[in-house]
Each structure stands twice: as structure tokens, then as C-alpha cells.
Amino acid sequence: MADQFSRSEYDALADLFLAADAPREPKPVTYPARATHGGPALRLADQVDAFASDAAPTQQAQPARREPLSVEALVLGHLPVLGAAWVTQYAKHVAEEGRTPVALLRLHEGQVWIDILTPRSVAARPQSRVGSNSDEPASLEAALRRAASECSHWLVRVDEIAEPDLVALPHLARVTLLTGADDAAVVASYRTIKNLSRSLDAARSDVGSGPSLKLAIMGADEAKATEAENKLRKAAATFLQNELEPAAKVAKIGGSSTIALFRGQATMDVAAMLATAHVGKVSSATMPGAESAAKHAVTETASESSAASVAHQGDAVHHVEQIEHASSTPPVVSQPATGDARVAAPIAAKATNALPIAGLQALGITCPVARDVTLAVASDNTLHMIAQAKPEAAQSLLASAAWALDHAQLLAMAKPGLLCEQPQLHVLANEMHEARGLLETAIAVHIVMQVGDVVVSKRVN
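So the sequence shown is residues -3 to 457, counted in the numbering used here.
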């Protein structure tokens, strides 16, 4: 019977029976491109000020800008390999389900990442200004406010040691446990749910209400995911008196449409970040257009229609300039490495087109959503992406692959005939243990070593 219900029907049931505990999902964003008033659907930067003074558009403030900030905390359970990569996949799932952009805020060892994930099904997206030196957020605060002006739904991921503090976050609506579907994952998930239930019950007793608890089952087909969900929901209801929300199910890792807003040092804690974002949300609601991306909004279709139209769109111009520069770069010539460079030298040598993987030629293009990823091309015109072995390597590669798919026509200006549909992903590691978790994936793992004055690599999976 459960299989006969769609996701929307589950949401409806949750509203009927769990309304006291389960907050409603944010309403879909209404973008300028879908406007129905007398003004044009597409506004260019030099036209916005004139339209902003009109009475009718002023009365039609975007509904999403007025919604309060809704925070969903993510807890990682027993996941398949590439555990951290499933965070991005869940964010993609949330964006697609809600047909609205979501903000992903991640903190790890003092570093912070802020991304916006947009649904591919929505024609008008928040315009990425990453890569434009004149308009890129110069600070963490600016990035938080910009993300808040676009997104009401925020996903937050912190280090495992900080997870117990998530229940005290401001504007927290839900805690979601990301888990696999095998027996070990189910057992581990029940223990985590038990601990989370205690924390959430304590929070509810303090303020009278509190966030709900949800499952997200990753890396399993529909049948296995449903079986695991039923076991956990039944156990939680029977032994913990906790009714879990219907589980989200994400079967596999795939590309996502990601806008990277900030990468850098965390200068405040996560609670302060969310407070800053809330201020940005309130500001954008009370002053329509003040920090809105509508001033720079152009549709994705228009940005790829022709080189002439691209020339009038700020960020696309930046990418075209990079690509035109790359098209005149000379053929790759391997450069010798010295000292302790090993892996760092090939990655840093991106500007000189030197690569340690035989048969690949660097394109000389910087991916704006993953600047540490090197784009290269093989003799058969297939696109390859190379990253150094780091905890976030898989996420960076997936984000860059999605960006390449969205900008295939622009990349073709640098390399005619370039095939971007299924890029080959590579990770370079000094030692095997640095990339052991990637060995059973489709990502090619290479061990890089220095032989004399030459840096070479060998694929190990």
C-alpha cells in the first residue's frame, strides 16, 4: 500500500496527522521570469531601477522573499562510500522536490562552504556571480545575505562532534538523518534516532514545540529503501513514541546544479551565521530588489543562445573571456617537478597545462563552482576533471561536472566538439589511504609519484 502513495501524498498525510510536529515545506519561489503583471518577464540590470519605481511591481513582492528562514540540520549516519557526497545529493533532492533553490551551509574543521542548489526543472535560476571578480561576495557575511535573499530553505551540515548542538540552532524546523538501507545502517540509525529523540524532546519541553525528525535513505533502490524506512518508522513509533516523517529516498549520486557562493575561514559559529542570514532574509523582504538577484537575472536559455546575447550578460562574459583565452593556449608539455611537490605540483601547474596523467591536455579554464578542479580533454574529445585527494574531492568533481553540463555550449567555444555529457572524473593521491573510499567508485584514482625529475601517475582502480 505504501508504494501507491506519491511523495506529495505523503506530505499531505503528514500535514493532516503530524501538523503539530512537522513544519510545512517552504512554498515554491516565484521568479521574475514567471511574472504575470504588465512588466516584462525578463529584466536586465539597467532596466530594474525604472521598473522598481512602478506601483504595480512594488505591490507584487515575491512570496519566497517573505517566508521566514527554515533550517534543516543534517546528521550523517551509516552511509555508502562517499558519505560526504550524499549531503550534496540530498540537497539536490530537496531542491527538485520543492522546485525552489535551497542553500547548503557546511562547516568542517574551521572552514565554511556556502552553496545554492537549484532545480533543473525551474527555468529561471538565481544568477551565479561566482567568478566575476567585481561582484563576488567579499566576505562570509555578504555570502550569507546573498544566499538568504535567494533561499528560504537552508540545509546545515557540521562536524560530527558538533552535531549534538544542532537542536539549539535558531529557526530549526527539522533534523534529517542521512543513512543507508543495509542491516548495519538500520541498526546504527535506530541508535542515532534514539539519541536525537531525547535531544528533541528536551528542546520541546523547554519551548513547548520543536523540530521534527526525518529520514533520508541514500544509495538504495526503491524496494530496499522502503523496507528500511518501514523498519525504522515502526521501531521509532513503538519504542520511542516518535512518529518519523516519510523518508526521502535518493538512489544514486548524480550531477547537481550548484552555485558556489563562498569558500573560506569560518569567522563565526553556525548560530551566528544563521542569524546573519535571517537578517538578510528580512532585508530582502522589506526592501524588494535591495539585494535581489533580479538585478542581474537572465534566463539560462538566453545565456546560451548566442555569443552576441552572451556578450550582454555579466557572468557569461567572464566565462567567454576565459574560454577565448583558453582556445589560444599551446599544446600540453609536461613539466618536471621538484622537491616535495608530488601531488601539489601537477594541480598548481594548471596554468601551464602540465598534467601528470598521460593523454590529457589541460583546457586552462577555471570552473567557478570548484576552483580546485582541473578541466582537461583527451584525444577523443571527452572532458576529464582532475582533483587532488581531499575530503571534499568527490563533491568538487560532481559540482564541476554539473557546471560543465550546464555550460556545454560555452566550453565548446574553447574546444570544438568537446563531449561534456559524461566527463571522466580523476583524483590524484600521494598515498593509497588518501583515496581508499573512492576505489570502488567510477572516479579514477591515480597514485602520483616522482621518478627522478619527472612526476608520473598510475591508476589503481
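Glycine residues also receive a C-beta, built at the ideal position from the N, C-alpha and C atoms.
So, helix, strand or coil for residue i, using DSSP?
i    : result
V456 : coil
S396 : helix
H89  : helix
Q446 : strand
A244 : strand
R264 : It is worth fixing the name first, because residue 264 is Met in this sequence and not Arg. Note: M264 maps to coil in three-state DSSP.
V77  : coil
P352 : coil
V451 : strand
L435 : coil
P115 : coil
V365 : coil
E68  : strand
V441 : strand
E159 : helix
V183 : helix
T96  : coil
K230 : helix
L38  : Because L38 sits at a pLDDT of 39, beneath the cut-off of 50, its placement in the model cannot be relied upon, and the point is left open.
A389 : helix
Tell me whether residue i is buried or exposed, calling it buried when 16 or more other Cβ atoms sit within 10 Å of its Cβ.
i    : result
S208 : buried
A221 : buried
D402 : buried
G206 : buried
F235 : exposed
R142 : buried
Q384 : buried
T263 : exposed
D198 : Before going further, note that residue 198 is Ala rather than Asp in the sequence given. A198 comes out exposed.
S135 : exposed
S453 : buried
Comparing C-alpha positions only, which one of the options sits nearest to residue i?
i    : options                : result
W399 : A99, G73, A138, T114   : T114
A249 : L414, A395, P64, V452  : Ala is not the amino acid found at residue 249; the sequence shown has Ile there. It is A395.
E159 : A177, N191, G260, R142 : N191
D376 : H149, L356, L162       : L356
L414 : A374, L393, M428       : A374
V246 : A232, A216, R259, I189 : A216
P419 : D178, I382, L168, V154 : I382
A431 : V447, P387, S453, V171 : P387
V266 : L140, G448, F235, A408 : L140
A232 : L270, S193, R170       : S193
I443 : M428, P412, G433       : M428
A366 : G176, F258, A80, T272  : F258
Got a sec? Which residues, its chain only, sit under 7 Å from residue i by beta carbon, not counting five neighbours each side?
i    : result
A180 : H74
A91  : P97, V98, L113, T114, P115
E182 : Checking the sequence shown, residue 182 turns out to be Val, not Glu. Cβ neighbours of V182 beyond the five flanking positions: A224, K227, L228.
V67  : W150, V152, L165, H167, L168, A169, L270
Might you give, ordered along the chain, the residues of its own chain that have their beta carbon closer than 6 Å to the beta carbon of residue i, omitting 5 neighbours on each side?
i    : result
E317 : Unreliable positioning characterises E317 in this predicted model, as indicated by a pLDDT of 38, which lies under 50. The coordinate reading is nonetheless provided below. Cβ neighbours of E317 beyond the five flanking positions: none.
I157 : none
H274 : L65
L162 : A69
A212 : Y86, T172, L174, A244
I189 : A232
Using a Cβ-Cβ cutoff of less than 8 Å, which residues in the same chain neighbour residue i once the five nearest sequence positions on both sides are dropped?
i    : result
L435 : V441, V456, N457
D487 : Past the boundaries of the shown model lies residue 487; the chain is included only from -3 to 457, so the question cannot be answered.
V447 : none
A80  : L72, P387, E388, A390, Q391
Roughly how many angstroms lie between the CA atoms of residue i and residue j, to the nearest whole one?
i    : j    : result
R541 : E239 : Residue 541 lies beyond the residue range present for the chain, which begins at -3 and ends at 457; the question has no answer from this structure.
R187 : L351 : 46 Å
K210 : A164 : 17 Å
T254 : W109 : 12 Å
Q85  : T437 : 16 Å
A18  : H104 : For A18, the predicted structure reports a pLDDT of 39, less than 50, and the residue's modelled location is therefore unreliable. A value from the coordinates is still provided. In a straight line, the C-alpha of A18 is about 28 Å away from that of H104.
V423 : P76  : 19 Å
A372 : T378 : 9 Å
A219 : V71  : 23 Å
L168 : H149 : 10 Å
L406 : S185 : 44 Å
V451 : A354 : 11 Å
A404 : C416 : 6 Å
G260 : K88  : 22 Å
G360 : M409 : 13 Å
S392 : L196 : 33 Å
Q107 : Q237 : 38 Å
A144 : H380 : 34 Å
L100 : A390 : 16 Å
D449 : E137 : 45 Å
G94  : W82  : 18 Å
A177 : G433 : 19 Å
I439 : A358 : 18 Å
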